[in-house]
Each structure stands twice: as structure tokens, then as C-alpha cells.
Amino acid sequence: MRHEAPRALRSLWRTRSYVTPYRGQMVVMAGAAAAGVAAATAVPLVAKDVVNGPLVHGLGGLLIPLSLLAVALGLADAGLSFVRRWIQADAVLGIETAIRSDLYAHLQRLPASFHDSWQSGQLLSRATVDLSTIRRFLGFGLIFLLVNSLQVAAVIGLLMHLDLLLGVAVAAAVVPVVYLSARFERAYIKVSRQVQDQQGDLTTVVEESAGGIRVIKAFGRRRLMAARFDRGARALYATSMEKVRLTAGFWAVLELIPNLVLVVIVLFGALAVGHHTLTLGGLVAFVTLLIQLEWPVEALGYIIASGQEAMTAADRIYEVLDTEPEIVGGHRRLARVEGRIRFEGVSFRYPGAETEALSDVWLDIDPGETVALVGATGSGKTTLCALVPRLYDVSAGRVTLDGVDVRELDLRCLRSAVATAFEDPTLFSASAAENLTLGAPGASEEQVAEALVVAEAGFVHDLPWGLATRIGEQGLTLSGGQRQRLALARAVISHPRVLVLDDTLSALDVHTEAKVEEALRRVLAGTTGIIVAHRPSTIALADRVAFLQEGTITHTGTHAELMAGVPAYRAILSQEADDDQDLAEEAS
Amino acid sequence: MSSTALGDGTGAPGAAPAPGRESIDAWRGVASEEVDDLPQRASLFLRERSRRLLGTLLTPHRRSLWLLAALVLAENLARLASPYLVKVGIDRGIPPVLHGRGAGTLVATSLAVLGVALTQAGARRWFFGLSGRIGQDMLLDLRRRVFDHFQRLSLAFHERYTSGRVISRLTSDIEAIATLLEDGVDSLASAVLLVVGTGVFMLILDWRLALVTLASFPVLVWLTAWFRRQTAVAYRRTREAVALVIVHFVDSMRGIRAVQAYRREPRNQEIFDEVNNRYRRANERSFKLVAVYGPGIKLIGNVMTGVVLLYGGYLVLHHQMTVGVLTAFLLYLSQFFDPMQDISQFYNQFQSASAALEKLSGVLEEVPSVPPPQAPVPLPAPRGEIRFEGVSFGYRDRLVLPHLDLWVPAGQTVALVGATGAGKTTLARLLARFYDPTAGRVTLDGVDLRDLAEDTLRSAVVMVTQETYVFSGTVADNIGFGRPSASRPEIVAAARATGAHSFITSLPQGYDSDVGKEGGRLSAGQRQLLAFTRAFLADPAVLVLDEATSSLDVPTERLVQRALRTVLARRTALIIAHRLTTVEIADRVLVMEAGRIVEDGPPARLRSAQGRYASLHNAWLTSLG
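Same order as they appear, the protein sequences are chains A and B. Residues 1 to 588 (the numbering used here) make up the first sequence, in order. Residues 589 to 1213 (the numbering used here) make up the second sequence, in order.
What follows is the structure, encoded as C-alpha cells:
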């Protein structure tokens, strides 16, 4: 932990580039805070003068001006506090918003392999919790670190001026309070983290109990889930109780120390007055000033801890921002995309994986040609598909589009030429129209209609608000088949030169599938196609078949050729029919 | 950020971009209002409901609550006493010293201050510990109750309520209550007591000065009421705004492949900046309310200090009051105004906690629509004979099964075929008692499903659906979900039987591989195979498969079918499948149309007849090419 501090401090220091635009506001905030504190501190001094002058020495004429001065100081205090907070709202929220926007932009640039290894919840907590921590520190901690230190120093100076010995006694009490507060906050943050982690674990159980409710119901595992939840809830309870004990002890001590100081002051202060080394007004001022110290001293502990927290938060944010996007676009653009795709000795290994998902893949697809990828589960079909639009980069070899390495191409150019419909159709919590036109924001009404026809996704019109209906997690739930059809429509809408369909028809029933295939045949006529296929009917869409076995293409050829010449291929596709033939005979 | 840029980008055909505010949100689309928001405008009935819940949560702690009240009282009395003692020290302690009559009174007063300080600290410690424990006990109780209740509620409820809301009930709502319990209750109680107590003490000390101070009260009340009203609105807006930020953020990160493949980044950034800025504006409003309110309270307090100085000074000058009283008064003033700010701070917490309690009490009042039997009928060795007797069923206004009679003898494998919406899944779900029929009855071995205890029914009937859910944990854990008591060899045997064994052993840690969140690295087919293995391990008398093999590749599906043939030989099965290969292994095929069974017979016979099944089969043969 300790040795990380310099790096964390550097991370926090780096946020200054976001603070720079609000430099002026920050200075005004600090100035207003300091002036406010000065005004607030002056009030007890005025009280002292009131007691010493008019009251003790009967100088009644001074009472009104001094009281008015107190009121004026009070007004200034309140006014300055208003100015500081008002400006703060603009400045620190602006900083927070800017960092969040940059974080989001950077995350969008980071490749799929980065997102594979980071849960979205982890990223979200950086964009929300960590950012508020920094915001709190910049808007409050940083300013009051300065102001409170000044205030404590000033007040103690004043106290020493009023009565040296008593002042020293108070100063001596400040040290343990700040120390205890900082230590407590550190321990508190640690326990809070643990509570957060355990809450996260509990949330996982909750998510699973809600998401997997059908499975739980189907197997009658209510009690099993309840036991899991109970375990998590009890762990959370235990840690929360630890937190309670920690807090209870700390607050008690924190209240005790100033009161002990008060005892000392009352006793020795009164004695000092008795011995005429301190005026009565001085004692009043002393006590009032002492009360004023309570908060800034307590707050110092809190501020130190919040500073540490902000450092960690900044560190966590820069951990993401410092990750270089591995996949960045090249500079070449193709004026006209023909659509020739070549895999040249392509190998691919997932980060952290021991074995290669693809090894030495060679495949040449002519413009307008459609190739079906066939292979058993886990043979690398999906991975191969993801390499074309550069969702991942090859580990060895290269993929080319019209003879140009995809890594040299401008990313937008490449990705507008290639459209992919994924095995798992991702829908966003947005309108159906927005989901459809993901890659073609300017699509015309006709284009949308046409895509819906091709994908047999006319059901969209029957949704409660038609194309404007919100779908995805926050909206209407669609069936697996409906989602697949939308994803397909999304892929074909912009008439891409290269169409990659990763097992996009698996959830469709036979009738719909037949219709979709018929429409796809027309679309694919002038388009280069890569289609992951499990069924002969889908393979029939392709001009050629590439047969994948354990990460490499072992055979290419027409369906008929492979059926005739490759027993493994036949085993995967045709025996099924034979099998059923046998079955049918058995049955009849 | 122009709203038109967002409005144009949707390119929503047919939905002409509405002018103004709506066009900003066009990308989000339209969805039905969340019913959740209602408690904000809570009626009396709703309040009563959550009061009852709160009552039952507090009942076990009744005694401790009295102690708690005593503690908070003691603590605050002690806190109030110290300024008074300071006054005594100054007024009565100093004169004897001045006149050389010793410091006895002064020392006694100081000791009293010490005693009071110790009392205060002790009471505080005890109070914190006790209230913390009560709070945590209540939370644990509430968590368990709500979780258990959700699990008891039927599938129909969950489908209506959606998983997102179940999750937020059990996470953010409970946490809202936790936050209030953790630092709200104490501060709130102390603040109220302190304000009231301070007021009383001031009156005792000097009623004239106290009345002058209390004259500021109406202004305080007015300012606080204004702040409460404004902040309630602002708070709600902030919650809504941050929810949008979170949804968009999480959506983008989860769907990053689609985002990048479709070059969605600029548009996403545009939307994100918009929701991000909206969040900023909402926050700014809250911040500025505090910026007015906090200094406002301060202003009143400071002005009162000046007034007290002036009037108090006047009274002292005319010997109607002592300097000690004035000092004590100045001390009380700060105790009087500071807690006001606390109260307003916790108002938000209080508000969200009470809204959360509303929602939770609403959930707890839901009655399971598939209730457990009053007198469960035991079924020691289920054979698996199924009967639907005059069963009808509909979802809300839509009748799905008008009147269904069906007898499936024990051990028979039945395939259900028909177009989407024909009622296949409904029939399967009635058999698994995810729903109860609106009329008629479903029986297992002659016993109405409604008379079977949950455990009896679930060990006899297991349903596997198309959407396969994978729990966090290892592969073995996931298969073991089917039968938690199963040993590792039994799990492996089940996986071998369904053909899942080979892909599992190819994973880095085999059966101990962590499947990650929601099945991270498993393909759709692998997940289905896992789900199927899970059901296989459960070894029920009746197996219901609803599209359970749709994502499998052909060789795997064939393995599954082989497994099915051996597995199903001994048990009753109901299979829904689009692929006819699966249907062909059935003893009997039922073709459904609009909730009725229109064809019924062995597959071979139906194939040769000129019916719907025959045409379906032909279409399928053509698809094989």
C-alpha cells in the first residue's frame, strides 16, 4: 500500500489538466473559503471586545457598533459561503463531467480483448463512484485542506496570543485528534471497501436469482439459492458490525477530546482570570474560539483520508485511461471496396490462453463470393469472423481486404465495408429504429423497410410503438429468434461489401429460416459473404465451404465435393440424415 | 450540445422527430411507464403498508429501542449541560478566586464538566453500537424476507416485474434504507433533540434572550420547507439522470463488439455526452439548492449572534444578566443552528429510504399465483403419467389454450410441433407448474399438480428452456445445480452421457473452470449442453425440453439425441423443437395450432398422412438440401 502512494499521488496530480479550465473559479473558491473562515473567526473576538469594553468597563456606547460589526462579519461569512458553493457547483461538476466523457470515449476505443477481461461493473464504478470521490476532493477536500490548516494555525495563534499556556494546551490536543481521525478514516475506508465487495458478491447472487429464475424454478432450487444469499448476507452483516464498532469507538473518543480540553480551559482559564493574567472577555473569546476549532480539526482527519481516497480513485481511472488501444486504424482508405478477403497464415491466441484458437489459416474469398464456415463447436469459427472487422488482431499472419492488410486501413473505412451479425445479438436499450440503424444512422425509410423484409423482421411494426418501441434490457423483451432477426436486419441495412453472419439463424424456426435464406440469397448475390453454418440449408447459400477443424481450415471446396471427399465433414453434416433415415425405418 | 443533432441521428423512419424535448430522447424509444414510481406520490394506504413492515421489523428490538431512547437523551443532556457548566464556572467560580477565597467551586465545576464529558462519550459509544446492531439486524431480516419472497413468487410475477426491478429492490432499495440506518437515524435523532433541548435551555437561562433567538424560528421553518420541496424534485431528477448515464454506459460496454463493428462510437459519444450533461445539470441544481440553503441557515445564525450580543450586552450593562449567561448563550447558538443543516442533509436519505420501504412492502404483499398446497400429497416413486383434463389457460386478455385434453402414459416421449404462438410453450409450462390453469387440471400419476409440494414436483418434473442460464462458479457447480448432492463422478458421468464431457475437458481447468459472469467464454451451444446435462443429472421422471437443443451444432445435437434415446427410454418426456431430427426420436408427435392439438400420432404415420406434419417434414427435407 505504502509504496503505491507516490504513483497514486501522481495520478491525482494528473487530474490538474481537467482543473485548469476552472483555475479562476478554484482560486475564487479558496479565497472565499479563507475569507469566510476569517470572518467567522473574528466574531468571537468581537464578542471578547463586547465583554471587555462595554460590559466590564461600562463603555455602553461601543455596544451598538461592535454588535453591528458582528452582524456584518456574520453576513460576510454567509455570503462568502454562498459564493463558494455556488461556484463549486459549476466548477467541480464540470470537471467530473469532462473526465467521465473522456473515460467513456477512451473505453470505446479499447478493443474487445480489453473488455473481455474487464467486467462492465468494474468500469462503471470508475465512471461513477471513483469520479464522485475525486469531485468531492476537488470541490471540498482540496480547498478545506488549505483553509482548515490556515484556520487551525490562525486560531491556535490567537489562543496563544490570548494566553500562551492555554494556547499551547489546545495546540497539543489538536495533534491526537488529527492523527486519530486520519487513522480512523483509513481503517474506515478499508472496512467500507470490504462491505462494498461483499455487497457486490451479494448482488451477484441477487442477479442470478433474478436472471436464472426459470432454472431455479424448474429444478426447485429455491432453498439452495436462499442458502447462498444467506451466506452472503451474513458475511455482510459481520463486516457491517465491525464498521459499526469502529465508528462507535471513534466518535466517542472524538467527542471526548474537545470536552477534555474544555475542562482544562474552564479550570485554568478561570484561574488565570482570578489571577488577572487573562481578562474575562479573553476567557469568553477563548471558549468560543475553542468551539470553533472543533470542526476544522475533525475535518482535517476526514480531508486527509478523502485525499487518500481520491488518489486511489484517480489511480484507478488512469489505469484505464493509460491503457493504449491496441487496435488503432491505419491511414489507408479504399476508394472503392471490391470485397476480396484473404486470410494469410493467420494465427490467433486469446490473451492469457495457452493454446491457439486459430493456427495457420489460409483462405481466399473473391469479391462477391460467399463462403460457409463449417466446423464443430469450439473449432474457431466465431474467432475467425471477429478478425475481419478487426475486433481482434491476428497474432501472426495477416488478413487483407482487397489486398491491403486490414491493420493498414482506416478503421471506419474497414468497418463500414464489413458488417457482422453476431451469434449473440446485442440489443441496446434504445428504440428499435436506433438498434436497426446502428451502423447506418442516415438510413432512409426504404432501406429500413427493405432490411426488415430481408430479415423477416416485420414483427417490429407490430410492437406497441412500432419502430419507436424501446427494446433491450430497459425495454421490451424480444425472443431469441426476434433478436437474431433484428441483428440480421442491422447487418444488411447498409448494403455492406462484406457480410459476416456468425450463426445468425440458429434460433429461427424452419419456416422463417427458409424465408430468410431466400431473401439472403438475393442480398449475397453481389456481396462477399462469410457465413457460419450448421445446416445444409444455410450452406446452400454459399458458393464454397471452408471446413474448420481445431482452429485451422483443413478443406475447402463445394458442399458436394466435401461431402464426397471428406469423411469428417460428412460426419458433421450428413450422417444426421442417415441416422434419421435409420430412425424412420425403425419407427415404421 | 444541440438537440437537433441527436434528433436527426435517429433516422427513425415513420416516427417523425417531434420538436423540442422529445426529439432529444428519440433514440431511447418509447416504453411503458414504470409502475415503481407510484410510491413517490404515495397514498395513505401505501404509507400504512410500509409502516406495518417497519413495525414488524422493529418488534424484536422493542426493549433495545427504549434503551436507545434513554441513551440519546442522556447524551444530549450531557452535551447541553456543558455550556451551562461553563457559565457556572465563570459566574460562580471566578469571583471566589478573585476575592482570594480559593478555587473550590471552580474545581468542582471543572470536575462536573469532566463527568459530563465522560457521560457524553460513554452514552454516545453505547448508542452507536446499539443502534448499529439494531439497524444491521433489521437489514438482515429485511434482505432475507424480500429475497425469500421473490423466490416464492411465481414465474408469471417475475415475467411481469422483470429481473432488473427484482435486482434493484434487493440492492439499491435495501442500500437506501441501510444508508439511512447507518448515519441518518442517529444524526436525525440527535439533531432534533439538540435543537429542542437547546431551545429549552436557552429559555431557562434567560427567557428574554431566548425569545429573541426563537423569533428567527419561522424564517428557519420557511427556509427549510422551501428547501425540502425543491430538493425533493431535484433529487428525483438526479436519480433519473444518473440512471440514464449508467444504462447507456453499461449497454455500450457490454455490447462493445457491436459498437465497434458498426462504428457506433461517435453517435454513442453524442448520446453519452447528452446524458452526462443532463446529469451534470441535475446535479448542479441540487448543489445550488444547498448553496442557498446552507449559507441561509448560517446567515440567520450569524445575525442572531449579533442580535444576542447587542441585546445580551444591553441586559448585562443594566445588570439584568451575567456575562456567564451571555457566553453560554453564544455557545448554545451554534448548537442550535448547526444541526439544522444536518436535518436538511438527511432529508434526501430519509426520502429515498421511505420510497424504498414503500416498494419493498409492495413486493412483500404480492401473493404467489402458484400457491403451495395446503395438504401436500406425497409421491414417493413417480412414474410419470401425465393428464391434462379440460385445461384452459390465457395470459391476461389472450386465451392461449381454450380447452385441452391430453393423456401421456408413463414413459412416452412426446414431441410438440407447431408455429410460434400455437401454445406449445404454454403447455410445457403448465406441466412444469410455472403457471396454474385457469380451468381444468393437470395431473401427475393421477395427482393434481397443485396438491404436490414444491420439492416433490420439482424432483419429478424438470424443464429445460432455450435460454440457458449459467450461474457464476465452476462448470461442475453448474451441472451440480441439477442435483446438489451429486458427487464429482456422477457429474462427469452425466456430462459424458450428454456429450458435454469433451468440451469441458478441453477447458483450461476442466470441470473446475470458472464459467465467469453469465457464461462468459462458453458459446451458446456449450451453454445449452451444460443446461441439458444439468437436467440429465437431476434425473426426473418427467423431462420437459423447450427448444433445449436449438443452438447445438449438428454433431453435438446428435450426441444429445443419442443420449436422449437412452435417457428417455425410462421416462416421460415432452419435447418442443424446431429441428425435426429431435422430433423424429419421439414416440408420438402432437401438432398444435391455436391452442388445439390438430394432429396426434407416431412420427412415421403422420409423415405418410397428407397433413401439416407431412408438409413440415417435406420442408425440412428440402432444407437439408
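Every residue gets a Cβ at the ideal spot worked out from N, C-alpha and C, and that includes glycine.
| Item | Value |
| --- | --- |
| How big is the Cα-Cα spacing for I859(B) and T819(B)? | 27 Å |
| Looking only at its chain, what residues have a beta carbon closer than 8 Å to the beta carbon of E1181(B), apart from the 5 residues adjacent to it on each side? | G1006, A1007, A1010, R1200 |
| So A248(A) packs on R1071(B), CB below 8 Å; how close in whole Å? | Incorrect: roughly 46 Å between the Cβ atoms, too far for contact. |
| Tell me whether Q196(A) is buried or exposed, calling it buried when 16 or more other Cβ atoms sit within 10 Å of its Cβ. | exposed |
| Beta-carbon of T1220(B) versus every beta-carbon of chain A: anything under 8 Å? | Outside the shown range of chain B, which is 589 to 1213, sits residue 1220(B), and nothing can be said about it. |
| Any heavy atom of the ligand SAH inside 7 Å of the beta-carbon of L1209(B)? | Ligands displayed in this structure: none; no statement on the ligand SAH is therefore possible. |
| So with CB distances below 7 Å, who are the chain B contacts of D77(A)? | K886, N890 |
| So A709(B) contacts chain A; which residues on that side make the cut at Cβ distance below 8 Å? | A252, V253, E255, L256, N259 |
| On a CA-only basis, which of S479(A), G380(A), P351(A) is nearest H115(A)? Give me that one, please. | P351(A) |
| Leaving out the 5 sequence neighbours to the left and right, which residues in its chain are closer than 6 Å to G785(B) when beta-carbon positions are compared? | N664, L668 |
| Does the Cβ-Cβ distance between V1002(B) and A1161(B) come in under 8 Å? | yes |
| Taking 7 Å as the limit between beta carbons, can you name the residues of its chain near A1207(B), skipping five residues before and five after? | none |
| Touching or not, the region 1025 to 1034 of chain B and the region 973 to 983 of chain B, by the rule of three or more beta carbon pairs under 8 Å? | yes |
| Note the first and the last residue of the continuous beta strand (DSSP E) segment covering A1027(B). | 1027 to 1032 |
| Classify I95(A) as buried or exposed, calling it buried when 16 or more other Cβ atoms lie within 10 Å of its own Cβ. | buried |
| Less than 8 Å between the beta carbons of I265(A) and V297(A), yes or no? | no |
| Any idea if F1059(B) is buried or exposed, counting beta-carbon neighbours within 10 angstroms, 16 or more meaning buried? | buried |
| For a cutoff of 8 Å on Cβ pairs, would you count K515(A) as touching chain D? | Within the model displayed, chain D is absent; protein chains A and B are what it includes. |
| Do A533(A) and A372(A) come within 8 Å of each other at the CB atom, strictly closer than that value? | yes |
| Which residue comes first and which comes last in the beta strand (DSSP E) that contains G364(A)? | Inspection of the sequence shows that residue 364(A) is occupied by Asp rather than by Gly. Here the beta strand (DSSP E) through D364(A) covers 358 to 365. |
| Whose CA, out of V695(B), V1130(B), S698(B), lies closest to the CA of R971(B)? | V1130(B) |
| Less than 8 Å between the CB atoms is what I'm expecting for R1046(B) and F219(A), so what's the real figure, rounded? | 6 Å |
| Secondary structure at D774(B), three-state DSSP: helix, strand or coil? | helix |
| If the criterion is Cβ atoms closer than 8 Å, does the pair S638(B) and S942(B) meet it? | yes |
| Counting contacts by CB-CB distance shorter than 8 Å, is F286(A) in contact with chain B? | no |
| Could you pull out every residue in the same chain whose Cβ sits closer than 7 Å to the Cβ of T323(A), ignoring the five residues on either side in sequence? | L110, F114 |
| Determine the direct distance from the alpha carbon of Q848(B) to that of T1154(B), and round the result to whole angstroms. | 46 Å |
| Take every Cβ of the region 165 to 182 of chain A, pair it with every Cβ of the region 297 to 306 of chain A, and state whether three or more of those distances are shorter than 8 Å. | yes |
| On the DSSP bridge assignment, give the partners of A1003(B) in chain order. | I1163(B), V1177(B) |
| Would you kindly check if the distance between the Cβ of L246(A) and the Cβ of Q199(A) is under 8 Å? | no |
| Taking the alpha-carbon of F1235(B) as reference, which of I834(B), A1041(B), P960(B), G787(B) has the nearest alpha-carbon? | In the structure as shown, chain B starts at 589 and stops at 1213, and residue 1235(B) therefore has no counterpart that could be examined. |
| Just to check my reading of the structure: G677(B) and L694(B) have Cβ atoms closer than 8 Å, yes? What is that Cβ distance to the nearest angstrom? | 6 Å |
| Could you pull out every residue in the same chain whose Cβ sits closer than 6 Å to the Cβ of L994(B), ignoring the five residues on either side in sequence? | F976 |
| At which residue ranges does the region 516 to 585 of chain A contain complete beta strand (DSSP E) runs of 3 or more residues, listed in the order of the chain? | 528 to 532, 544 to 549, 552 to 557 |
| Out of A1112(B), S874(B), E1187(B), S751(B), state which residue places its alpha-carbon closest to the alpha-carbon of I213(A). | S751(B) |
| Would you report the Cα separation of S306(A) and T133(A), rounded to the nearest angstrom? | 8 Å |
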